[in-house]
Amino acid sequence: MVAVNDKKKNNGRLVAMGCTYEPWIALLEQAGWKTHCCYDLRTADAILEEYSPCVCIVDLSNNDFSLNSISQRANKTKQVKWIAIIKKEQLKVDSICQFINNFCVDFFSTPIPSSQLLDTAGHQLGMLEIESTSLSDVSQQCEIGLYGESKSIKHLRDMVKRVAITDVNVLLTGEQGVGKELIAKTIHNLSKRRNDDITVINCSALVEGDERISFLDPTQCASSGNIIKNGTVLLNGVEELSKSLQLKLLNYLQQPENEKLNEHDLFDVRIITSSSIDLELAVKNEAFNKELYYRLNVFHVVVPTLRERGADIILLAEYYLQQFAKEYNTLAMHYSEDAKQLLLRYNWPGNVRELINQVKRVSLLNDNNEVSLDHFDLPKKTNVRQSLRTIKDEAEKDVLVTMLEAHKGQVASAAKDLGVSRATMYRLLNKHNIIPDVRYCNGGYAAD
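Read the sequence shown against the UniProt record's numbering and you will find it ends at 448, with the numbers running on by one and no gaps.
Quick look at the structure:
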């Protein structure tokens, strides 16, 4: 452990993985950083958890660590900014470049420019402070809608934060049960309209003359307290709108802001729409207005399925188990390992909604502290309900790993052999969370 002068003001925390005590570490300590050198990956998880939020500088220049092990830690860490140290010639190594691209905010080649590294670390500390505030807001406003640490949910959190501060139209798509309504509420609660209401309207039940959508035609509005004048409206299942209501919605979206008023009121309503179908296909089949689709699809957010979120399934299951224990005063507080494996293997066609129902059921029916495999009303064999998509994905993943093995981790040559571009190869590797390692030796690939 690096000695730290306790009299100094701790401006930030830094973990140096694989780094010897070098001048740049001393410089950081002089600037008030609390630093910790770590050479053993077995203790890295505990250190990163203790120091988070922090900056982590990992030295890859000597190939002391398995890149897969570092990647797995970088993928699951919370509020950690990763910076890589490499040799200049390592920029020609595909796996190093992919690691930097996927997980690092910056990199430096040896010899280390100490002052520049200090500036970078200080800037990233500032970004962590901003993100901590922003993530806290997300958590307070609608925690469970964005709960998890998978790559897909992190990407979703980033998109929500970016679009919430704007007024652009948002289209949420995804399978039924993924939580589109929760995401819409999060966008509203993080926007400048947070002090107004968000109104959720199921389009399948919407009829002409419904006062909730009178703002679509302000000149015809009657003076009624039920008319929405401000805030956010979520149109759930927007594909269910009748042709006439599609035209009214299109007209509203086309109007300049200063025309969205009648004699007495200004109507300032943000529209968020959601759909569980392929709207582009609906447009091609002339079931949905083409111009309206393009107006709605200014910012498209695809909400990931539960099966795409990996270990988030366990995080969500544990979260809801704790919540139901409080709500129903039940005993069940944790899952057996067999139960966790079942949750991870199951395909979850009903997504988060199905998971909630399952957890509520086991919480109410279980008289013990632990939830076991038999408490779930789910198929115990993984191949009983495998979807065509699951089978295809598994086959695709197997082919990618096999080709990387054959080409000793060289992405470019593996892509050429498969007949795809290098960019496509990287997209497929990212899709399956496969990290190629040119130092591969039997089993040297990580795939979730």
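Where a beta carbon is used, it is the ideal one built from N, C-alpha and C, also for glycine.
Since we're looking at a predicted model, the values are computed, not measured.
| Item | Value |
| --- | --- |
| Hey, could you find the ends of the beta strand (DSSP E) Ala339 is sitting in? | Segment 337 to 345 is the alpha helix (DSSP H) holding Ala339; no beta strand (DSSP E) there. |
| Buried or exposed for Leu343, going by 16 or more other Cβ atoms inside 10 Å? | buried |
| Going by DSSP, name the residue or residues bridged to Lys34. | Arg13 |
| Measure the alpha-carbon distance for Lys397 versus Met425 and round it to whole angstroms. | 11 Å |
| On the three-state DSSP scale, how would you describe Leu234? | strand |
| By DSSP, does Lys87 sit in helix, in strand, or in coil? | coil |
| Could you tell me the boundaries of the alpha helix (DSSP H) in which His432 lies? | Note, His432: premise wrong, no alpha helix (DSSP H); not H, not E. |
| Measuring alpha carbon to alpha carbon, tell me which residue in Ala205, Ile228, Cys203, Asn202 is nearest Ser214. | Ile228 |
| What is the rounded straight-line gap between the Cα of Ser191 and the Cα of Gln72? | 34 Å |
| Are the segment 350 to 370 and the segment 194 to 210 touching, with three or more C-beta to C-beta distances below 8 Å? | no |
| How would you write the range of the alpha helix (DSSP H) that Ser95 sits in, first residue to last? | 94 to 103 |
| To the nearest angstrom, report how far apart Glu263 and Leu216 are at their CA atoms. | No answer about Glu263 holds up, because its pLDDT of 49 lies below 50 and its placement is not dependable. |
| Do the CB positions of Val269 and Gly231 come within less than 8 Å of each other? | yes |
| Work out the CA separation of Gln322 and Tyr294 for me, nearest whole Å. | 42 Å |
| In the DSSP assignment, what are the bridge partners of Asn202? | Asn236 |
| Do you know how far the Cα of Ile96 is from the Cα of Cys104? | 11 Å |
| Taking only the alpha-carbon atoms, compute the straight-line gap between Pro379 and Glu394 and give it to the nearest angstrom. | 19 Å |
| Here's the rule I'm using: 16 or more other beta-carbon atoms within 10 Å means buried, otherwise exposed. How should Gln176 be labelled? | exposed |
| For Gln256, count neighbouring Cβ atoms within 10 angstroms of its own Cβ and tell me buried if that reaches 16, exposed if not. | A small correction: the amino acid at residue 256 is Pro; Gln does not occupy that position in the sequence shown. Classification of Pro256: exposed, given that the 10 Å Cβ count is below 16. |
| For Lys81, count the other beta carbons within 10 Å of its own beta carbon; 16 or more makes it buried, fewer makes it exposed. Which is it? | buried |
| Is there contact here, the segment 203 to 211 with the segment 297 to 311, by at least three beta-carbon pairs under 8 Å? | no |
| Using DSSP with H/G/I as helix, E/B as strand and the rest coil, what is Phe376? | coil |
| Quick one: what's got a C-beta closer than 8 Å to Leu91's C-beta in the same chain, skipping five residues either side? | Cys97, Ser109 |
| Around the C-beta of Val168, are 16 or more other C-beta atoms found within 10 angstroms, so that it is buried, or is it exposed? | exposed |
| Measuring CB atoms only, is the segment 153 to 173 touching the segment 281 to 300, in the sense that at least three cross pairs come out at less than 8 Å? | yes |
| With DSSP collapsed to three states, give me the class of Lys81. | strand |
| Out of Ala325, Ala121, Pro304, which has the shortest C-alpha to C-alpha gap to Lys431? | Pro304 |
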